[in-house]
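In the working numbering, the protein residues as written are 746 to 861.
Virtual Cβ for every residue (Gly too), placed ideally from N, Cα, C.
Since this is a predicted model, take the numbers as computed values, not measurements.
Heads up: the structure comes next, in structure tokens.
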């Protein structure tokens with residue numbers, strides 16, 4: 746088969762806009778393997794790379810724009826090891842200063858599914 750690996754920055758948000766893979770061809774996202782056509786219009790937060798392994802199929806991936814607060818600064822998730830201990834209380838992302846860590850609980854378009 747043919748193998749293609751895409752490495753994007755951690756926590757990139759991608760949307761699969763078109764997908765088909767006839768078994769044994771497969772698309773691998775965050776270590777999970779997919780075949781068939783079950784993924785169209787699915788959104789993923791990347792923790793790992795994206796890989797295509799096969800000859801029979803196709804896919805199209807679009808990167809989602811990072812969330813922005815009204816001040817125009819991008820909000821970027823950080824790796825778990827850079828997060829403070831659980832007892833530390835962080836500002837919400839609407840009140841944080843530029844460069845300051847904040848708790849992404851849905852403010853300013855932050856994602857609640859990555860616990861960041």
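When beta bridges are read from the DSSP output, residue 836 appears opposite 847. Residue 758 is classed as buried because its beta carbon has at least 16 other beta carbons within 10 Å across all chains shown. Across the set 754, 813, 770, 749, the C-alpha of 813 shows the shortest separation from the C-alpha of residue 854. Among the bridge pairs identified by DSSP, residue 788 is matched with 760. Taking each of 782, 790, 799, 784 in turn and checking the Cα distance to residue 775, the smallest one comes out for 790. Check the Cα spacing between residue 795 and each of 781, 856, 750, 767: the tightest is with 750. Contact annotation: residue 819 and residue 760 have beta-carbon atoms that are not nearer than 8 Å. Taking residue 788 as the centre and dropping the five residues before and after it, the same chain places the C-beta of 760 closer than 6 Å to its C-beta, in chain order. Contact between residue 801 and residue 785 fails: their C-beta atoms lie close to 17 Å from each other, not under 8 Å. DSSP places residue 807 in the strand class (E or B) of the three-state scheme.
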